[in-house]
Structures are given as structure tokens and as C-alpha cells.
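Each step along the sequence shown adds one to the number in our numbering, with nothing skipped, and position 2 is 13.
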Amino acid sequence: MLASSTIHTRKNFRLNDPIMIVGLPGLGSVGRLVAKHMIKELKAKRFATLTSTYFPHNVVMLKNGTVRLLNNRFYLAHTSKSIGHDIVILTGDTQAITQRGQYAVNYKIASFFKERLKGSFIYTIGGYASQHESATSNVYANATSKRIVKEFSNSRAIFGESRGTIVGSAGMLIAYAKSMGIDGICLMGETALNIDPNAAKSVIKILSKRLGLKMDTSDLDKLANTVNTQIKELEEKMFSNIQGIGQPGLPGSGEKPSYIR
């Protein structure tokens, strides 16, 4: 079987000059948290599903006793005339696991958005590695043009300070958008955790202001409290196991770790 990616759409969907928000699994689960929260808040409905032989060779076991392939899912939220754009939200189980797969799958997504959906703007969401956890996270950004950078100059997005590379769909889709003449921006919440609701909340604040949306983030606050409680419990367990044995800063020192990554 040749490597391939396929997008299956439901019939009779209509879109008004859509923008797309992409939140796939990645650093801090920031993108996925943002996407899932917006799907819930906007009551978005799934209208398309992407499957690919570039995804891991696993299947998901469902509550009804059946299975399904790993996939990426497109959701549609119709908005008011004052906003002027329908919102497509892309999330899913995984990203492509090979270099070739990343190029192939993200090209497929960008082409689908431009040619089939006639979309005009792509937001990709990811995490930016930090060495410390915080109740409020910086949001770093890179865009497809200087014009877009200027448009976001009054937002809390920080341009020009992020370094290195953007790995996976968060970067690839912005690069393809640029090559296809679509505007776009990558928003990266600063994170030091495996699951970071605070970083997701920081990104949502920028999106909400930009898109003219009112978003209730109380669910993310509750999740952040749960994550913080779990971290404290783990720190205390580690502390009690090593207390009173060795040198400061080393296992067995009795010194409580400053953070857990």
C-alpha cells in the first residue's frame, strides 16, 4: 500500500470566508488544549476527517467495543456577521511520525484549506519550551509576513525573541500557508509542563481578542489547579523519599526540588 493521506468530508457543509485554528498534540499539549476548549465553547461540529498512512500504526479502542484509525478532525463553528468569518478548528490524535510524513500531511491540510474551503487565514498553536512553570505564560509568535506581525503589534504576542525551529504542524502549516499566499501566524504558549492549561489560556486570550470572541476559561483554571495539585503531591513524595540522606541539591539531600519538568 502506497503512503497516502485522505480527507473525508460530510455532505452539504457551507463556510463563510473561514479562518482555521490548528491545535494538534505537541509540547505542553498547548495546541490540543486550545483546540478542544474552543470546540466546546463554540459548539463546533465535525465535518471532515483526515486519515494517513504516515500516522502511527495504532487503532483507538472505543467504548462501544469497536475500533477506529488514528486521525485528525476538522470542526466547523458558524459565527455572527460581526465577526465575518466561520471558524474551522483542526485537532486530533497525532501528527505524522516521519519527516516525509510531516511534509505530505501538512501540504494536504494546507491545500484542503485553500482549494476546498477557500480559507483566508491560518492560526497554528504550539508550545515554547521554558525552564520554569508560571501561572501566566508568555506567548511567542512567528507570522507569514511583516504585515501580519504589524497587525498583531497591539496583542500580547511576542515577536522576534523566539529562537530555534518550530517542529511539526505548528511550523509546517505556516510555511505552506506562506508559499500558497495564505496569511497566518503561529502562537506558542511558554511551557515547562507536559500538560499546561495556563499556557493554553494565554493563547486563548490573544485569539479571543483578535477574533472578537467571548471565551469562558474556567474549565482551564480547574484543570490548572488539578495539574498543580498533582505536581505538589509528586514533589512531596520525592521529598519524603530522599529526606535527610545526602548533599544539598542531590538525591537524598532533603532539599525540595524547585520544579519538575
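Cβ coordinates follow ideal geometry from the N, Cα and C atoms, glycine included.
Item	Value
Close Cβ partners of ASP227 (< 8 angstroms) along its chain, the five nearest in sequence each way excluded	GLU52
Cα-Cα separation, TYR118 to GLU246	43 angstroms
Residue range of the unbroken alpha helix (DSSP H) whose run includes SER122	110-122
ASP227 - DSSP class collapsed to helix/strand/coil	coil
ILE50 versus ALA188, TYR187, THR90 and ASN209, residue with shortest Cα-Cα distance	THR90
Cβ neighbour criterion (16 or more within 10 Å) applied to TYR270	Low confidence applies here, because TYR270 scores a pLDDT of 37, under 50, leaving its location unreliable and the question unanswered by this model.
Candidates ASP104, LYS47, ALA14 and ARG111, of which the one nearest VAL71 by Cα	ASP104
Residue range of the beta strand (DSSP E) that includes HIS19	16-20
Contacts around GLY137, its chain only, beta-carbon distance under 7 angstroms, and the 5 residues preceding and following it disregarded	GLY37, LEU38, VAL41, GLY42, ILE177, ALA181, CYS197 and MET199
Classification of ASP28 by the beta-carbon crowding that lies within 10 angstroms, buried from 16 upward	exposed
N- and C-terminal bounds of the beta strand (DSSP E) containing LYS56	56-63
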